[in-house]
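A.B. asks: Quick one: this structure, given as structure tokens, is what I'll be asking you about.
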Amino acid sequence: MNPKKTSIVEVSIMYLFITITSIAIFYPLIWTIGMSFNQGTSLYSSSIIPENFSLDHYRWLFSINSDYLLWYKNSLIVSVSVTVGSVIITSLVAYAFSRYQFVGKKNALYIFLLLQMFPVMMAMVALYVFLNMIGMLDTLTGLIFVYLGGQIPFNAWLVKGYIDTIPRELDEAARIDGAGHLRVFWSIVLPLAKPILAVVALFNFMMPLFDFLLPSIVLSSKENYTLAVGLFNFINDQFANNFTRFAAGSILVAIPVAAVYLYLQRYLISGLTAGGTKG
Amino acid sequence: MDNTLTNKRADRHNPNIATVLSIVFAGLGQLYNRRFLKGIIFILLEVVILITLIDSLNYGLWGLRTLGTIPGEDHSIRLLVFGVLSLIGSVMLITLYVFNVIDARNQARQIKAGCLPKGFKASIISFYDHSFPYLMTFPGLLLMIFVVIFPLLFSVLLAFTNYSLYTSPPRSLVDWIGIGNFKELVTVPIWQDTFVSVLSWTVVWTIVATTLQIALGMTLALMVNDPRIKFKKLIRTILILPWAVPAFVTILIFSAMFNDDFGAINRDIIIPLFGGDGIPWLSDPLYARTAVILIQTWLGFPFIFALFTGVLQSISKDWYEAADVDGGSRFQKFRFITLPHVLFATAPLLIMQYAQNFNNFNIIYLFNEGGPPVRGQNAGGTDILISWVYKLTFDTNNYAMAAAISLIMGMIISCFAFYQFRQTKSFKEEGEL
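Taken in order, these protein sequences are the chains called A and B. Under the working numbering, the first residue of the first sequence is numbered 1, with each subsequent residue one higher. Under the working numbering, the first residue of the second sequence is numbered 1001, with each subsequent residue one higher.
The following block contains the structure:
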């Protein structure tokens, strides 16, 4: 075979591989969309191309019979609070760790790295008992506090790594002009650290939205559920019978999230590699 | 104050006296150093702590030691929580005390060396300067102590008790049993069988699923990066889609698709193509395991793909041109240029992927709740350690055993963490401090 033919064969193989992967990606997604437009609620009688196209399930989600909107609201409350809180706490901690020398700094950094690895799971009994003792079990506030504390080790590293790359000369120049600690933080470091703080904000917005484990431990009453727990319980009891409604509910979650992700993925990657390789 | 007097006093000033005084009672050393305000604040603090906190600290530590003595009245688990908190509190107080002693000693030395005491305003400013990083980190660290460090300590301690449904307070008391749980785990047949099979599946799962997603992600990244491929932007967007859809949604969808009876995989693909009754995806352990690995690959490869695409684009063309001049083959270019570049830039993140899959509770639990059940075991066929712990805790309420297994998981995870320590660049920079 001459080189040109080899090249054509190679390119065809690559396109074929990419096509197969794309089919594998789209199949479940399109199947779900198809399900959500089926008329019946049972999975037995549903097919990927609905015989009777209907918007019933979407209508049902917004009707008073379902808690869907409530769960959506709860999820947004948790996500927004965690986003705002985590950006504030993390930037303060990261600034101190990046710019100051203090007793215990190195040990604290070691502990942060170690804690990043441990899953919430290991602590869940303790969290359950503790939240119960202080009366925060089954509240969104309790959930928010756990998320806020839990995200510190990972995100503090991420932001610290980024702030380390901001030249110290800028701080010093501001110091000479008479700026205090907070002033330097607010007017110099914070504006320059915006890209990484955006990544932290995005992570902390998405994480509570997708997390299933923690809310399923902390929240027990239906009106406090977040989307993940709500949708899971939705189909857990009568799997086959509620699936089409679940499909409709998931699509309404997935579309906005996917749009944001696809739009921001470049920043996500650069943020992660910055944190991963530079620390 | 005239100069000779100051000098005389400075000469006679003895750091050892300051140290001893501040050990005897916080603040006395500072008084001796003539830092009256600071000294009085320290003395007041210690008095307040002695009056209010010492009793509860004592009670907490007593609870930690005994876990209660009267069944029905002492609540062992509350005592344990309280005990751990007292322990953390004590460590903080001891740190403060040590700080007080060091402070007194340093100041006495400075005075002896002839350093004039700073004015009131100057010392406030210097205090603010020194404590600023502590003030900044304090809220975050406090939160972290309560929701991360305290629960972890609690779990570690729980592993050495016999807390389960049968010893559950307030009815009865929980006791310390040393390494009893760990012994049971390796000697009692049902625990032993389950532990060995769950642990080995966890290892297989972690390695196979993660390696598959890395391999697929890397292959696709290399292909799409090939200059002969067109529509790059469109292809990239499609390939990233699985990452963009919330994972819990996808897993639940797959769980329905793989359903033995009415799932789309059996009904629309397997039966029409191969005939038969379809594959028992959810009820046969081997097929269930295959299914979760396939699903994880589907879920995980886009992240790797996006990561590698980013790195591939940043490799300078000069390298490849140099290789062309030297007559390097394509495989050689991949082996000696592309691979080292990509791996160097992403190694810590790839390790994190393995650690994440080791703890990937969501996919195991949401797909099939760890099932199908296996005869002679108290964990299901696809249960990995973390989902087994969840079941032990919330289904059978065997808290102590769950904690013991968590502790073993923690040790395995620490190995990942150790590797990460050595890899992380900024830590090496930190090391030169």
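Heads up, the beta-carbon is just placed ideally off N, CA and C, and yes, glycines get one too.
Would you kindly work out how many angstroms separate the C-alpha atoms of leucine 1343 of chain B and tryptophan 1388 of chain B, rounded to a whole number?
C.D. replies: So the alpha carbons of these two residues sit roughly 33 Å apart.
A.B. asks: Let's see if you can read the secondary structure: which residues bound the alpha helix (DSSP H) around alanine 286 of chain A?
C.D. replies: Summary: the structure shown does not reach residue 286 of chain A, with chain A confined to residues 1 through 279, and so no result is reported for it.
A.B. asks: With burial defined as no fewer than 16 other Cβ atoms inside 10 Å of the residue's Cβ, what is the status of histidine 1013 of chain B: buried or exposed?
C.D. replies: It counts as buried.
A.B. asks: Using the three-state DSSP reduction, which class does glycine 1114 of chain B fall into: helix, strand or coil?
C.D. replies: Note: glycine 1114 of chain B maps to coil in three-state DSSP.
A.B. asks: Assign valine 1243 of chain B to one of three DSSP states: helix, strand, or coil.
C.D. replies: Note on residue identity: the sequence assigns tryptophan, not valine, to residue 1243 of chain B. Three-state DSSP puts tryptophan 1243 of chain B in a helix.
A.B. asks: Could you tell me if the beta carbon of leucine 131 of chain A falls within a distance shorter than 6 Å of some heavy atom in the ligand GDP?
C.D. replies: Among the components of this structure there are no ligands whatsoever, and the ligand GDP is therefore not found.
A.B. asks: Could you check whether alanine 94 of chain A and methionine 1136 of chain B sit closer than 7 Å to each other, using their CB atoms as the reference points?
C.D. replies: No, the Cβ-Cβ distance between methionine 1136 of chain B and alanine 94 of chain A is not below 7 Å.
A.B. asks: Is DSSP giving tryptophan 1281 of chain B helix, strand or coil here?
C.D. replies: Residue state, collapsed to three classes: coil.
A.B. asks: Hey, how far is the Cα of lysine 1112 of chain B from the Cα of isoleucine 1040 of chain B?
C.D. replies: Distance between the alpha carbons of lysine 1112 of chain B and isoleucine 1040 of chain B is about 22 Å.
A.B. asks: Can the beta-carbon of phenylalanine 1305 of chain B be found closer than 7 Å to that of leucine 1241 of chain B?
C.D. replies: Against a cut-off of 7 Å, the Cβ pair of leucine 1241 of chain B and phenylalanine 1305 of chain B comes out as no contact.
A.B. asks: So what's threonine 1137 of chain B in DSSP terms, helix, strand or just coil?
C.D. replies: In the structure shown, threonine 1137 of chain B sits in a helix (DSSP, three-state: H, G or I).
A.B. asks: Give a yes or no on whether the minimum CB-CB distance between phenylalanine 154 of chain A and chain B is below 7 Å.
C.D. replies: So no, phenylalanine 154 of chain A is outside the interface.
A.B. asks: I want to verify the contact list: residues of chain A whose CB lies under 9 Å from the CB of tryptophan 1298 of chain B, in sequence order.
C.D. replies: By Cβ distance, chain A contributes Ala24, Ile25 and Pro28.
A.B. asks: Assign alanine 259 of chain A to buried or exposed, taking buried as 16 or more other Cβ atoms, counted over all protein chains shown, within 10 Å of its Cβ.
C.D. replies: Exposed.
A.B. asks: What residue from A/Met133, A/Ser75 and A/Ser36 has the CA that sits closest to leucine 1079 of chain B's CA?
C.D. replies: Comparing Cα positions, the closest option is A/Met133.
A.B. asks: Ignore the nearest five residues each way along the sequence and tell me which others in aspartate 1383 of chain B's own chain have a CB closer than 6 Å to its CB.
C.D. replies: Correct list, in chain order: Val1198 and Gly1370.
A.B. asks: Out of curiosity, what's the CA-to-CA distance linking valine 229 of chain A and proline 215 of chain A?
C.D. replies: Approximately 7 Å between the Cα atoms of the pair.
A.B. asks: What does a CB cutoff of less than 6 Å around glycine 1381 of chain B pick up in its chain, not counting 5 residues either side in sequence?
C.D. replies: For glycine 1381 of chain B, where only same-chain residues beyond five positions count, the Cβ hits under 6 Å are Pro1285, Ala1288, Pro1372 and Val1374.
A.B. asks: Cβ of phenylalanine 1254 of chain B within 7 Å of Cβ of isoleucine 1295 of chain B?
C.D. replies: It is a contact, given that the beta carbons lie within the stated cut-off.
A.B. asks: Using the rule of at least 16 other Cβ atoms within 10 Å of the residue's Cβ for burial, across every protein chain shown, is histidine 57 of chain A buried or exposed?
C.D. replies: Buried, since its Cβ has 16 or more Cβ neighbours within 10 Å.
A.B. asks: Could you pull the start and end residues of the alpha helix (DSSP H) that asparagine 204 of chain A belongs to?
C.D. replies: Its alpha helix (DSSP H) spans residues 194-210.
A.B. asks: Mind listing the chain B neighbours of valine 257 of chain A? Cutoff is C-beta to C-beta under 8 Å, in chain order.
C.D. replies: Per Cβ cutoff of 8 Å: Ala1244, Val1245 and Pro1246.
A.B. asks: Could you tell me the distance, in whole angstroms, from the CA atom of alanine 198 of chain A to the CA atom of glutamine 265 of chain A?
C.D. replies: If I take the Cα positions, the gap works out to 12 Å.
A.B. asks: Per DSSP, what kind of secondary structure is proline 153 of chain A in: helix, strand or coil?
C.D. replies: The answer is helix: DSSP assigns proline 153 of chain A an H, G or I state.
A.B. asks: Compute the Euclidean distance between the alpha carbons of valine 11 of chain A and phenylalanine 1231 of chain B, then round it to the nearest angstrom.
C.D. replies: Roughly 13 Å separates the two Cα atoms.
A.B. asks: Can you list, in chain order, the residues of its chain with a C-beta nearer than 7 Å to that of methionine 1218 of chain B? Leave out the 5 residues immediately preceding and following it.
C.D. replies: Excluding positions up to five away in sequence, the list reads Ile1304 and Phe1308.
A.B. asks: Is there at least one Cβ from chain A nearer than 7 Å to phenylalanine 1154 of chain B's Cβ?
C.D. replies: Yes, phenylalanine 1154 of chain B counts as interfacial toward chain A.
A.B. asks: Run the CB neighbour count on arginine 1105 of chain B, radius 10 Å, all protein chains shown included, and call it buried at 16 or more, exposed below.
C.D. replies: Buried, by the Cβ-count rule.
A.B. asks: State yes or no: is the beta carbon of glutamate 1432 of chain B nearer than 7 Å to at least one beta carbon in chain A?
C.D. replies: Its pLDDT being 36, under 50, glutamate 1432 of chain B is placed unreliably in this model, and the coordinates cannot settle the point.
A.B. asks: Just to check my reading of the structure: isoleucine 1413 of chain B and leucine 1385 of chain B have Cβ atoms closer than 8 Å, yes? What is that Cβ distance to the nearest angstrom?
C.D. replies: With 8 Å as the limit, isoleucine 1413 of chain B and leucine 1385 of chain B do not qualify as a contact, their Cβ atoms being about 10 Å apart.
A.B. asks: How is the alpha helix (DSSP H) around glutamine 1356 of chain B delimited, first residue to last?
C.D. replies: From DSSP, the alpha helix (DSSP H) with glutamine 1356 of chain B extends over 1339-1358.
A.B. asks: With 16 other CB atoms within 10 Å as the buried threshold, where does proline 28 of chain A fall?
C.D. replies: Counting Cβ neighbours within 10 Å, proline 28 of chain A comes out buried, since at least 16 surround it.
A.B. asks: What residue from A/Gly85, A/Ile88, A/Thr139 and A/Val84 has the CA that sits closest to asparagine 283 of chain A's CA?
C.D. replies: Residue 283 of chain A is absent from the model: chain A starts at 1 and stops at 279.
A.B. asks: Around the C-beta of valine 1047 of chain B, are 16 or more other C-beta atoms found within 10 angstroms, so that it is buried, or is it exposed?
C.D. replies: The residue in question, valine 1047 of chain B, is exposed, as its Cβ has fewer than 16 Cβ neighbours within 10 Å.
A.B. asks: On the three-state DSSP scale, how would you describe proline 1169 of chain B?
C.D. replies: If DSSP states are grouped into helix, strand and coil, proline 1169 of chain B belongs with coil.
A.B. asks: Is there contact here, the region 1176-1195 of chain B with the region 1341-1358 of chain B, by at least three beta-carbon pairs under 8 Å?
C.D. replies: Counting Cβ pairs under 8 Å, fewer than three are found: no touch.
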